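A.B. asks:
Chains as they are written, first to last, in this note's numbering: chain A, 76 to 966; chain B, 10 to 122.
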């Protein structure tokens, strides 16, 4: 051990050690010489004899060095310096290689960074590993946020009966309120949570200023109007004033006293990363959200609800998220078993609309359901796609290295001939490659740090209609950093080892060199093929995005969006709005805001369809044309009559060539295999209702006066009409009439979807272009290399009478072969991926058409082939100009 | 035999010899150690004196000997090596092991004869 430290130390005091060694050797030689002089030799002879007796001075120095330190480490540093110098000498090569690798690494790191923030980063609570979310699993497979919805009575029961949790806290889902602070701002839309009084204690959160809730501050209904405010709210809205403690904040018209300010890093524990502006005790819940009736404490999940989709169910049944802290030394499994048994036992006493089949405990993250297998599969899929891009970059850099190393064959040959070990040469080349990757790594890392927030803001823009997402912590933690580092190193080894082995083989024996070169051509072909495959896969993806974009951006979606607004369905509001001039009003779900896909049956025919609840006036309000028959009447909507309006495509698909009006079909609305019959009373024009990318292949509208939300369409002057709508909202419920309560269909739903598609198309386009460029460079390199190699052979052929045309053709074919094989494989992979997608997608047709239906795909394919031909044409022409005489004397 | 092979043969014993020399003769510089080595081994262990250095470096790094710069009787500068406390211990241990080992090998070889 001591020796090991010495050796390490000697790595750093190399010069001193070297001096010491020289001094000692000199002294030794002097002593020897003295001895020989004593024996009567002349000084010069004595010096010679001394050297002879001593042996090789240099060898002995080498032995000395080896003993005193780690030679390989020193060699490594030497290799590093040598490599760095080499890379600095060829800046164009270095820059291209670093750029290609940085893009590949950056893309990968970005995806991992997103994944890390979404699924791996723990909530900002104390000791987050011990905190779990209680999740329920419904019998009818309702999935999503609703699984984290519990009635207060369920929470209370679990809190009072469990033996495994040291703290069990209830928190509402985010509550949008309007906030007013006298003298600072009025009616600002903010988000907050009503929480049980033990919430902060259970999460182990101390306030930055003031205090959190007292143990029974949440008891008295309407009592204790106090709030803990979020750090950013304090900073931005209250000017970080320490005097904010004790100040009064009006939320939905009720005055609250600020008792504390949360720490900066405590951004909340919502299911989604939503900024928390305040936390209030549960006692204030009715004031904060009128959806909670006076009986919220005692209400169970019992009352019968008529058939409705999960989303509507969640909208109407405000509940609580349960967060629990495990007791010390209680494993999650044990706690889960107890919780499951307790909850199911409790629930069995009640009639449940949706039976809860199991209750589980989930590790907390910034997003819900991240351990869902589908989420994991999607993540792996995305990571694989971006890894392909990295692979293409690696293949290209490997190809460039091969080309460059050809020029270095001589240098390497000399080194090998001078006795450098092959392993040593490979090591040096590898160091060079890893160095390239390590340059590229940080650049890619920075790229990922810049691009991830952009992607996140696009994503949150997309969801803005249903949820107002806050910042996502995309900062680099150890996982992200080690991922980047490992990825860079792996990349370096991956693209470096093959060329390194290849290069070191040639040079020393001509025979081996020749053989090696042949291998090398094959290797380069394989690398080129890989690139072409990746490029065409990207091409297919890009084509799909482009055609989606094309159809969603240019074509009429089948409904009005610019003048359509969603209005909160406050009681009595519809009646107030209906008589207003210049305004159409209806109830129902907006397009693009989530779908409901019950199985549909007509005789033997059985498939899932999109379904939407709509009231009377729905089609007029959304501007969906009725082609045949009629829409719903008020009576039909009120009593949810067994009638339906179907889309044009549905009519065509289900009753081809027949009059659909008057036909009958049945739907399994609750997914319980209990079908309800409906009669078609009208046919509506097709719309891109579920997804902007394509017309819904099947869509049925069912009458209801209750489901979904209130929709209005402004016909007259927008400003005055909207002002009138706000006025009506205020007169119905002044506390909830905030400016943000009106959301526009175009701005909040259509535009973000288009923006995402545009972004994806732009990204895919850039990647494709990049891949094409890389491929072009690669083909040129291979073709040029082959021509160079075969100069002699070509010369002989031409001397034997081969035509220039034949030679050019031969070279081009050789260059194109890997490209053709590679793109074939790439497109096959695209088809395969599409097939996988088909198997999981409920409405498949659109994808095939999307991938291969856009002219841009063929145009890009054409460009790729043209690039390939052009890239091999230049060296091919050079081959045709080979002078047989010169060629025969070549080398 | 190349010097490399020779050190290979000597690898285990060279350290022992150096320690023993310093133990009996007191602090010595590399030259006297080498001379002593030659003297006691006759022609059997004739080696280039430079090959001694790795052993000295190793032993010093292990803390078994300690080198200090001094002057010879002829007033020449030289590095004197002295055996240290741990060096003495190591010497005792190594000697014991060596005796054990050589006895064993001797027994084995004579049995075969």
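Just so it is clear, CB atoms sit at the ideal spot from N, CA and C, and this is done for glycine as well.
From a predicted model like this one, the values you see are computed outputs, not experimental measurements.
(1) Comparing the C-beta of residue 122(A) with each C-beta of chain B, is any distance below 8 Å?
(2) Exposed or buried, which one is residue 120(B) when buried takes at least 16 other CB atoms within 10 Å?
(3) The region 86 to 113 of chain A: which residues have C-beta closer than 7 Å to a C-beta of chain B, in chain order?
(4) When the Cα atoms are used, what is the spatial distance from residue 410(A) to residue 335(A)?
(5) Just how far apart, CA to CA, sit residue 570(A) and residue 501(A)?
(6) Leaving aside the five residues before and after residue 202(A) along the sequence, list all residues of the same chain whose C-beta is less than 7 Å from its C-beta, in chain order.
(7) In three-state DSSP terms, what is residue 631(A)?
(8) Between the C-alpha atoms of residue 617(A) and residue 850(A), what's the straight-line distance to the nearest angstrom?
(9) Rounded to the nearest angstrom, what separates residue 320(A) and residue 684(A) at their Cα positions?
(10) What residue does the beta strand (DSSP E) around residue 259(A) start on, and which one ends it?
(11) Quick check: what's the CA-CA separation for residue 96(A) versus residue 40(B)?
(12) Taking the alpha-carbon positions, what's the residue 453(A) to residue 344(A) distance?
(13) Measuring straight from C-alpha to C-alpha, what distance separates residue 99(A) and residue 165(A)?
(14) By a C-beta neighbour count over all protein chains shown, 10 Å radius and 16 as the cutoff for buried, is residue 152(A) buried or exposed?
(15) According to DSSP, simplified to helix, strand and coil, what is residue 558(A)?
(16) Is the CB-CB distance between residue 177(A) and residue 555(A) below 8 Å?
(17) Would you kindly work out how many angstroms separate the C-alpha atoms of residue 105(A) and residue 47(B), rounded to a whole number?
(18) Is it a yes or a no for the region 936 to 951 of chain A touching the region 27 to 39 of chain B, going by three-plus beta-carbon pairs under 8 Å?
(19) Our contact map puts residue 439(A) next to residue 197(A) with C-beta atoms below 8 Å; I'd like the distance itself, whole angstroms only.
(20) Using a C-beta to C-beta distance shorter than 9 Å, which residues of chain A count as neighbours of residue 86(B)?
(21) With 9 Å as the C-beta to C-beta threshold (strictly closer), list the residues of the region 30 to 43 of chain B near chain A in chain order.
(22) Taking all protein chains shown into account, decide if residue 888(A) is buried (16 or more other Cβ within 10 angstroms of its Cβ) or exposed.
(23) By DSSP, does residue 829(A) sit in helix, in strand, or in coil?
(24) Rounded to whole angstroms, how far is the Cβ of residue 261(A) from the Cβ of residue 244(A), which I believe are closer than 8 Å?
(25) In the DSSP output, what is residue 642(A) paired with across the bridge?
(26) Which parts of the region 313 to 384 of chain A are runs of the alpha helix (DSSP H), unbroken and 4 residues or longer, counting only runs that do not cross its ends?
(27) So which residues on chain A does residue 81(B) lean against when the C-beta distance must stay under 8 Å?
(28) Residue 960(A): buried (16+ other C-beta within 10 angstroms of its C-beta) or exposed?
(29) Any contact between the region 463 to 479 of chain A and the region 248 to 259 of chain A? By contact I mean 3 or more CB pairs, one from each, below 8 Å.
(30) For residue 32(B), which of helix, strand or coil comes out of DSSP?
(31) Could you tell me the boundaries of the alpha helix (DSSP H) in which residue 873(A) lies?
(32) I'd like the ranges of any alpha helix (DSSP H) spanning at least 4 consecutive residues and lying wholly in the region 633 to 705 of chain A.
(33) So what's residue 933(A) in DSSP terms, helix, strand or just coil?
(34) With a threshold of 8 Å, are at least 3 pairs of Cβ atoms found where one atom belongs to the region 762 to 777 of chain A and the other to the region 644 to 661 of chain A?
(35) For residue 906(A), does the three-state DSSP call read helix, strand or coil?
(36) Rounded C-beta distance between residue 900(A) and residue 608(A)? I'm assuming under 8 Å.
C.D. replies: In this structure, then:
(1) False, the Cβ-Cβ gap to chain B never drops below 8 Å.
(2) By the neighbour-count definition (other C-beta atoms within 10 Å, threshold 16), residue 120(B) is an exposed residue.
(3) Within the region 86 to 113 of chain A, contact with chain B at the beta-carbon level (separation under 7 Å) is assigned to 99, 102, 103, 105, 106, 107 and 109.
(4) Roughly 33 Å between the two C-alpha positions.
(5) One C-alpha to the other measures close to 13 Å.
(6) Once the five neighbours on either side are set aside, the close Cβ partners of residue 202(A) are 279.
(7) Coil, per DSSP.
(8) In this model, residue 617(A) and residue 850(A) are separated by some 17 Å (Cα to Cα).
(9) When rounded, the distance between both Cα atoms is 55 Å.
(10) No beta strand (DSSP E) contains residue 259(A), which DSSP labels as neither H nor E.
(11) Going from the Cα of residue 96(A) to the Cα of residue 40(B) covers about 14 Å.
(12) Distance from the CA atom of residue 453(A) to the CA atom of residue 344(A), rounded to whole angstroms, is 25 Å.
(13) Between the alpha carbons of residue 99(A) and residue 165(A) lies a gap of roughly 43 Å.
(14) Exposed, because fewer than 16 other Cβ atoms sit within 10 Å of the Cβ of residue 152(A).
(15) Annotated three-state conformation of residue 558(A) is helix, per DSSP.
(16) With contacts defined as CB atoms closer than 8 Å, residue 177(A) and residue 555(A) fail to qualify as a contacting pair.
(17) Rounded to whole angstroms, residue 105(A) to residue 47(B) spans 18 Å at the Cα level.
(18) No: the two stretches stay apart, fewer than three of their Cβ pairs being nearer than 8 Å.
(19) Yes, residue 439(A) and residue 197(A) are in contact; Cβ-Cβ is about 6 Å, under 8 Å.
(20) Those are 98, 101, 102 and 105, listed as they occur along chain A.
(21) Taken in chain order, the members of the region 30 to 43 of chain B whose beta-carbon sits within less than 9 Å of a beta-carbon on chain A are 38, 39, 40, 41 and 43.
(22) Around the Cβ of residue 888(A), a 10 Å sphere holds fewer than 16 other Cβ atoms; the residue is exposed.
(23) Here DSSP, grouped into helix, strand and coil, assigns residue 829(A) to helix.
(24) Cβ-Cβ separation between residue 261(A) and residue 244(A): approximately 32 Å, too far for a contact (criterion under 8 Å).
(25) Paired residue(s): 785(A).
(26) The qualifying runs are 360 to 363.
(27) In chain order: 106.
(28) By the 10 Å Cβ count, residue 960(A) comes out exposed.
(29) Too few Cβ pairs lie closer than 8 Å, so no.
(30) DSSP, reduced to helix, strand and coil, places residue 32(B) within a helical segment of the structure shown.
(31) Element bounds for residue 873(A): 866 to 874.
(32) Listed in chain order, the alpha helix (DSSP H) elements of length 4 or more contained wholly in the region 633 to 705 of chain A are 648 to 652 and 693 to 697.
(33) Of the three classes helix, strand and coil, the one that applies to residue 933(A) here is helix, per DSSP.
(34) No contact exists between the region 762 to 777 of chain A and the region 644 to 661 of chain A.
(35) Secondary structure of residue 906(A) (DSSP, three-state): helix.
(36) About 4 Å; that satisfies the 8 Å criterion.
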